[in-house]
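To start, the structure itself, in structure tokens.
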Amino acid sequence: MTETQFRTICAVLLKTHFGLELDDTTLADDYAEGGVQGADVYHAINQLAHRFDLQRIDDLKNQPLTLKDQVATMRSSSITYIQSEQPTQCPVCGSRTDLIEVSNTVQLHDCLNRTCQLAFISTAN
């Protein structure tokens, strides 16, 4: 996941579920310093919420964020979204991807090429 993608997803999740701005947290700095790895933005936010006893402002007050929250944010934020039969390569650089099955038809991919690092969602047609 690129730093821009990370910042975008974090900003939307924090604002939507906690009423916070990204700059009000250490998440952007943690990512830049290598403290946050992979495509699990929701997990990093859950750790932050636990550490600082942050309370959600939406209807799920006592629930941690989930991968589905992150995928919904990626879709609404126009983070790369591909409709195809489960790609095995990054659409930008052609490198292999690490993937997480969100559901039977949705996968979250993270490019393994360090210079690309694109995160994208794929869905079955």
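If you count the sequence shown from 1, position 117 lands on 110 in this note's numbering, and the numbers rise without skipping.
For glycine and all other residues, C-beta sits at the position ideal for the given N, C-alpha and C.
Just so we're clear, the structure is a prediction, and the values are computed from it rather than from any experiment.
Between the Cα of residue i and the Cα atoms of the options, which residue gives the shortest distance?
{"i": "Thr(-5)", "options": "Ser115, Leu111 and Asp52", "result": "Leu111"}
{"i": "Leu101", "options": "Pro57, Thr108 and Asp33", "result": "Asp33"}
{"i": "His10", "options": "Arg89, Ala42 and Ile72", "result": "Ala42"}
{"i": "Thr90", "options": "Ile114, Ser96 and Ser70", "result": "Ile114"}
{"i": "Ser88", "options": "Ser96, Thr108 and Leu13", "result": "Thr108"}
{"i": "Ala40", "options": "Leu20, Gly12 and Asp52", "result": "The question names Ala, but residue 40 in the sequence shown is Gln. When each option's Cα is compared against that of Gln40, the closest is Leu20."}
{"i": "Gln56", "options": "His36, Asp17 and Ile72", "result": "His36"}
{"i": "Asp23", "options": "Ile38, Leu13 and Gly12", "result": "Ile38"}
{"i": "Val85", "options": "Glu14, Cys104, Val5 and Thr59", "result": "Cys104"}
{"i": "Val95", "options": "Asn106, Gln82 and Thr116", "result": "Thr116"}
{"i": "Ile50", "options": "Asp62, Leu92 and Leu7", "result": "Leu7"}
On the DSSP bridge list, what partners appear for residue i?
{"i": "Val99", "result": "Thr116"}
{"i": "Cys104", "result": "Thr90"}
What three-state label does DSSP hand residue i in the structure shown?
{"i": "Asp16", "result": "helix"}
{"i": "Ile93", "result": "strand"}
{"i": "Cys109", "result": "coil"}
{"i": "Gln82", "result": "strand"}
{"i": "Leu49", "result": "Sequence check: residue 49 is Arg here, not Leu. Looking at Arg49 - three-state DSSP - the assignment turns out to be coil, as it is neither helix nor strand."}
{"i": "Met(-6)", "result": "coil"}
{"i": "Asp33", "result": "coil"}
{"i": "Asn39", "result": "helix"}
{"i": "Thr59", "result": "coil"}
{"i": "Arg54", "result": "Here the sequence assigns Lys to residue 54, which means Arg is not the residue at that position. DSSP places Lys54 in coil when its eight states are reduced to three."}
{"i": "Ile72", "result": "coil"}
Please confirm whether residue i has its beta-carbon closer than 8 Å to some beta-carbon of chain B.
{"i": "Cys109", "result": "The structure shown has no chain B; it contains just one protein chain."}
> With contact counted as at least three CB pairs below 8 Å, one residue from each stretch, are the stretch 61 to 70 and the stretch 0 to 14 in contact?
Replying inline: yes
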